[in-house]
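Residues 1 to 277 in the UniProt record's numbering are what the sequence shown lists, from first letter to last.
Note that the Cβ used here is the ideal one computed from N, Cα and C, for glycine as well.
What follows is a single structure, written as C-alpha cells, with notes after it.
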Amino acid sequence: MPFLLLFLISWLAFLLFADWKKWRMYAPVSLLAMVMSLLSDQFVQSIPLWTYQDTYGMLPATVVRFMDDIGVYPVTAYLFVQYVPRHRPASRFLYFLAWTSGVILLEKTFCIQGWMAHKSWWNLWCSYLCDWLIFYALYRFMLLLQRDVKHEKQTSDVVELMKQHGLYLSFLGERNHAEVMLLEVEPGSEVPAHTHSGDEFSLLLQGQLEVTVGAERQALSSGQWLNISREVVHSAVNRDAQENALVLSILLSSGLQQKLREHTVDQLLLSSEPIRL
C-alpha cells in the first residue's frame with residue numbers, strides 16, 4: 001500500500017506541475033534516473049544492502065522495485081531539474097538540501113514502518129550521501145544537455161537567417177580539426193568577403209561561381225577545385241540566373257562553427273570589411 005501510494009502521488013505531482021514544453025530537455029534526465037535506479041537494483045541483488053517489503057501483503061518485492069524504477073524515480077527527477085535554481089549558488093544549495101532532506105526523511109519513515117530494511121554496513125548516512133550524489137549527477141547532466149541545445153540553437157539561428165540571403169550552409173562533419181561543409185548559393189546571391197585562419201579546399205559540385213581570391217577574379221565551373229590559403233580574403237557570387245551553385249568545402253584548423261556562434265548575422269552578411277572566420 002505505501003509503495004502504491006507513493007507511485008500515485010509522484011505521478012499526480014508530475015501531471016500537475018511538470019513543464020511539458022521542455023520535455024525534450026528533461027526527458028533524458030528522467031531516463032538517466034531510471035537507468036541509475038535499475039542499475040542499483042541489480043547491484044543490491046548481488047550485494048544486498050537494502051530490501052523493500054510491503055507489510056500489507058499487496059505487492060511483491062519485484063513489483064515494488066519496478067514501480068520505483070519506472071514510475072517514481074523518472075518523474076521526480078523531471079520535477080527536480082525543472083525547478084532547480086540556475087543562477088544563485090546559495091539558493092541552489094538550499095534547494096538540494098530540501099530535496100535530499102525530504103528523501104531521507106521518507107526513507108527513515110519507511111525503515112521505521114518496516115517497509116524498507118538496511119543490510120550489512122548500509123545505513124541512513126550512506127543513503128543521504130548517495131542522495132546528494134544522485135541529485136548532483138542529475139543536475140550536471142541537465143547542464144550538459146542545456147549547453148548542447150544552446151549551441152545547436154545558436155548555429156541553427158545563424159543558418160536560418162543566412163537563408164534569407166540565399167546562402168544555405170550545412171556542416172557535414174568534423175575530424176582532426178578539419179570541418180567538412182556544403183554551401184548552396186542561390187542565383188544572384190553573394191558570399192561576402194571573408195578570411196579563414198586555416199587553408200580551405202573547395203570543389204564546385206554544381207553551377208558556376210565568380211570567385212575573387214585576393215586580387216584575382218576567376219570563373220569557377222562545375223567540377224573545378226579551388227585552394228585558398230589561410231588569411232587570404234575571398235568572396236563569391238552566383239552570376240547564373242537559373243541554377244544554384246553547390247560547393248563542397250574542407251576547412252582546416254579554423255573552428256568555423258564556433259566563430260559563427262560568436263558573430264551576429266549583421267556582421268556575417270552586411271559588413272563592409274572582410275569577416276575573419
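When rounded, the separation of the alpha-carbon atoms in E231 and V84 is 46 Å.
Counting only the Cα atoms, V103 lies some 15 Å from A33.
Listed in chain order, the non-local C-beta contacts of K163 below 6 Å within the same chain number zero, local neighbours out to five positions each way being set aside. Around the beta carbon of V35, fewer than 16 other beta carbons sit within 10 angstroms, so the residue counts as exposed. In the DSSP assignment, E184 falls within the unbroken beta strand (DSSP E) covering 178-185.
The continuous stretches of beta strand (DSSP E) do not include S189, and DSSP gives it neither H nor E. One alpha carbon belongs to F17, the other to W122, and they sit about 34 Å apart.
Three or more beta-carbon pairs drawn from the region 224-242 and the region 185-197 are found closer than 8 Å, and the two stretches are therefore classed as touching. In this structure F201 is in contact with S249, their Cβ atoms being roughly 7 Å apart against a cut-off of 8 Å.
Note on geometry: alpha-carbon atoms of M25 and Q208 lie some 43 Å from one another. Separation of S189 and L252 (C-alpha to C-alpha, rounded to the nearest whole angstrom) is 25 Å.
By alpha-carbon distance to F66, the top candidate from Y78, Y52, L97 is Y52.
When Cβ pairs closer than 8 Å are counted between the two stretches, the region 125-132 is seen to touch the region 94-112, the count reaching three or more. Annotated as distal: E107 and S120, with beta-carbon spacing of 7 Å or more.
By the criterion of a C-beta distance shorter than 7 Å, K259 is surrounded in its chain by L277, once the five residues flanking it on both sides are discounted. In terms of Cα proximity to M142, the closest of I47, Q82, S91, S197 is Q82. Apart from the 5 residues on each side of it in sequence, Y139 sits with its Cβ closer than 7 Å to the Cβ of V81, V84 in its chain, given in chain order. In the three-state reduction of the DSSP assignment, R88 falls in the coil class.
In the DSSP annotation of this structure, the continuous segment of the beta strand (DSSP E) that includes Q218 starts and ends at 216-221. Within the region 25-70, the runs of beta strand (DSSP E) that reach at least 3 residues and sit entirely inside it are, in chain order, 50-52.
For R175, the three-state secondary structure derived from DSSP is strand.
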